[in-house]
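Data block below; observations after.
There are 2 protein chains.
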Amino acid sequence: MKIVITGGAGFLGKRLAKSLLTRGRLTGPEGTQEKITELVLFDIAPDIDIVDDRLRYISGDISDAETVTRLIDEETASIFHLAAVVSAQAEDDFDLGYRINLDGTRHVLEAARALPHAPKLLFTSSVATYGGGLPDVVTDATAQVPQTSYGTAKVMGELLVQDYSRKGYIDGRSLRLPTISVRTGLPNKAASTWASSMIREPLCGRDAICPVSEATPMACMSPAKIIAALIHAQELPAEAFGPTRSLLLPGISITAGEMAVAVERHKGNRQLGKILWQPDPAIQKIVDGWPKATQSARAEKLGFEKDDSLDEMVRAFIEDDLEDQLALYTD
Amino acid sequence: MKIVITGGAGFLGKRLAKSLLTRGRLTGPEGTQEKITELVLFDIAPDIDIVDDRLRYISGDISDAETVTRLIDEETASIFHLAAVVSAQAEDDFDLGYRINLDGTRHVLEAARALPHAPKLLFTSSVATYGGGLPDVVTDATAQVPQTSYGTAKVMGELLVQDYSRKGYIDGRSLRLPTISVRTGLPNKAASTWASSMIREPLCGRDAICPVSEATPMACMSPAKIIAALIHAQELPAEAFGPTRSLLLPGISITAGEMAVAVERHKGNRQLGKILWQPDPAIQKIVDGWPKATQSARAEKLGFEKDDSLDEMVRAFIEDDLEDQLALYTD
């Protein structure tokens, strides 16, 4: 079977590709496990270091309908649509945000609909779709009231995935991802960047800035659990989803203070970098508007796993990513 | 001030136009009452019998961006965006549904954003945006899980109105309308048509079909209360809305059986038509998926009025519309 990953050069795209290539098989539109014969990574600027005979890189702009029509051809049985402009960028450039996050998604859905079969399609949404006065725990029943253009376009994408699936044009599913921790790479301008950098940077001997108070909680999930969830969602039969193909993933709620303490616990014989507590009211305000905790009875019933503990998340970073991360600074 | 009503030849558009012309004034973007100098009714096929110096008819296709850009010009201070393809039609023609209900709405928002000022914009959404396993009473906190393309595009429109407002491009507000009862005109293919026809038709001496059981409830609102709500929403200051510009309107919950009894109560000396109970499982299923009752603390706090009783709704139909309705059959 042929699989297409949009945003294939991104943090999740690359990890998903490696995981799929290792598995070698995925459930196809017929509901049976099929051998992965071709894996296409599509991105605006592919920059991927994975070498595998089954892999093909295609560079292009997802907001161009013709490019997407060529990308998603008759052979395509399964699509992971991860491509997106992130929150801060969509706030800075309103038109770009909607062109990529809404029009790009519509192009993917239309290309999928045009196929003679209904391909499987996994869409990554986000807990950033919630906002505007939330309950302490966000659940399956919580209304999405996004307060950013990014969150708005993600809800719109979910709605379209649901409607195209209801009509039988695709066999879609959308996952609302919690904040990823520990993300590798460098700190960025995302208001959530501290949820990774205050674990990652000190373990690499570098100082990290925390712009929020110690008591600030965040619903988090490790990269490994998120990749497992993306694949599990694509494996589930359509009937499992019920009246909506959208699903909230269960993050675990961790405060900034708990992260700081966890880093100390996993110090080992490392010379840790410091955590610089530099309160930033603007960032505190954004983060306060996000879900503090999430709980999804549906996701648990469907067999999605959450992380056991913050310690396990820190350990996974040390085991899987610390060496590569350290190499990044010396490149 | 200049006002534009899209869908201006429709059932609500015409009534709204008459009501605005009678008022003569409306609160503009500056927050002060201004004299209505021009009222433009835009529709695919204007067919309007209102004569007034301030009124202008423009016929055109809302899915054509250039048409909409010409329509919403620098003079436009206030927009009522009512144009839409209805539920059954959007189910029959997927592309037409999204072209009118989503792309049309985006054209209106883009034309408004291009103006040097941020115009007021009222968008009509619907309780058909709810579905997929609802609580007994739909409230402000209920998540929208639409089960039709019409409902999907209406939620998307609400999200865009909210985001364009948040960015300051427009001063928007969206109302989720309950089922309108009593609608005038002829029974149509809408699954909700019985909620008007079983009151309207017998009072005109004609038989009406009721395809649902006597116990089936529906959240309803009279045309007069809906028109009052559209104007009230446009009059309110932006700050009144809080974290979302979307608002659920409070319908009153009425069963089919209660409607049948109410018609008898208002028989007077009329020769009533009969109600033919002809259960239709397909329609029963659709209607069972809609809100049975709605309750909005926010709308009540903001001063939106609901109907006092079914009797008042029947009386309003008899007083305001029965003569015109009878004339319709003899035309």
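Sequences listed follow chains A and D, in order. In terms of UniProt numbering, the first sequence is residues 1 to 331. In terms of UniProt numbering, the second sequence is residues 1 to 331. Don't be surprised by glycine CBs; every beta carbon is placed ideally from N, CA and C.
For Phe-241/A, there are no C-beta contacts with chain D under 9 Å, since the nearest C-beta of that chain is about 11 Å from it. Gly-132/A reaches chain D at Pro-243 and Thr-244, counting residues in chain order whose Cβ is nearer than 7 Å.
Under a criterion of Cβ atoms nearer than 7 Å, the residues of chain A adjacent to Phe-94/D are, in order, Lys-167. Between the region 6 to 16 of chain A and the region 43 to 63 of chain A, the count of Cβ pairs shorter than 8 Å is three or higher; the stretches touch. Taking a contact to require three or more Cβ pairs closer than 8 Å, the region 16 to 27 of chain D and the region 283 to 303 of chain A do not qualify as touching.
When DSSP assignments are scanned along the region 154 to 183 of chain D, the uninterrupted stretches of beta strand (DSSP E) that are 3 or more residues long and fall wholly within it turn out to be 171 to 177. Leu-102/D and Asp-321/A have their C-alpha atoms roughly 43 Å apart.
Taking a Cβ-Cβ threshold of 7 Å, the residues of chain A close to Val-155/D are Leu-159, in chain order. Contacts with chain D at 8 Å (Cβ-Cβ) do not include Val-138/A.
The C-beta of Pro-211/D has 16 or more other C-beta atoms within 10 Å across all chains shown, which makes the residue buried. Between Val-263/D and Leu-203/D a beta carbon distance of about 6 Å is seen, short of the 8 Å cut, so the two are scored as contacting. The C-beta distance from Ile-72/A to Ala-112/A rounds to 6 Å, short enough to meet the 8 Å contact threshold. The Cβ-Cβ distance between Ser-126/D and Ala-90/D does not fall below 8 Å.
With a contact defined as Cβ atoms closer than 8 Å, Pro-146/A and Thr-152/A qualify at about 5 Å. Interface criterion met: the Cβ of Ala-141/D is under 8 Å from a Cβ in chain A.
Of the candidates Gly-133/A, Val-85/A and Ile-226/A, Val-85/A places its Cα closest to the Cα of Ser-63/A. For the options Lys-225/A, Leu-236/A and Arg-166/A, the alpha carbon positioned closest to that of Pro-250/A is the one of Lys-225/A. The C-beta of Arg-245/D has 16 or more other C-beta atoms within 10 Å across all chains shown, which makes the residue buried. For the pair Ala-118/A and Asp-171/A, the CB atoms are nearer than the 8 Å cut-off. Comparing alpha-carbon positions, the option among Gln-162/D, His-266/D, Leu-236/D and Arg-106/D lying closest to Ala-65/D turns out to be Arg-106/D. One Cα belongs to Thr-124/D, the other to Arg-173/D, and the distance between them is close to 9 Å. When Ala-45/A, Thr-32/A and Leu-55/A are compared, the shortest CA-CA separation from Lys-2/A is found for Leu-55/A. Counting only the Cα atoms, Thr-67/D lies some 29 Å from Ala-114/A. Taking the CA atoms as reference points, Glu-110/D sits about 19 Å from Ile-44/D.
Legend: CB atoms of the region 89 to 116 of chain D lying less than 7 Å from CB atoms of chain A belong to residues Phe-94.
When the Cα atoms are used, Ser-253/A and Thr-142/A turn out to be separated by approximately 17 Å. DSSP links Phe-42/A through a beta bridge to Thr-6/A and Ile-58/A. Rounded to the nearest angstrom, the gap between the Cα atoms of Leu-175/A and Ile-5/A is 15 Å. Secondary-structure assignment with DSSP links Arg-25/D through a beta bridge to Lys-35/D. In the three-state reduction of the DSSP assignment, His-81/A falls in the strand class, which pools E and B. Excluding five sequence positions before and after Thr-179/D, the CB atoms of its chain that fall closer than 6 Å to its own CB belong to Ser-192, Ala-195, Met-218 and Cys-220, given in chain order. According to DSSP, Pro-217/D shares a beta bridge with Thr-255/D.
Ser-149/A has a beta carbon lying within less than 8 Å of a beta carbon in chain D. Judged by DSSP secondary structure, Thr-67/A falls within the alpha helix (DSSP H) whose first and last residues are 65 to 71. One Cα belongs to Ala-297/D, the other to Glu-214/A, and the distance between them is close to 35 Å.
Proximity of Asp-163/A to chain D, defined by a Cβ-Cβ separation below 8 Å, is satisfied.
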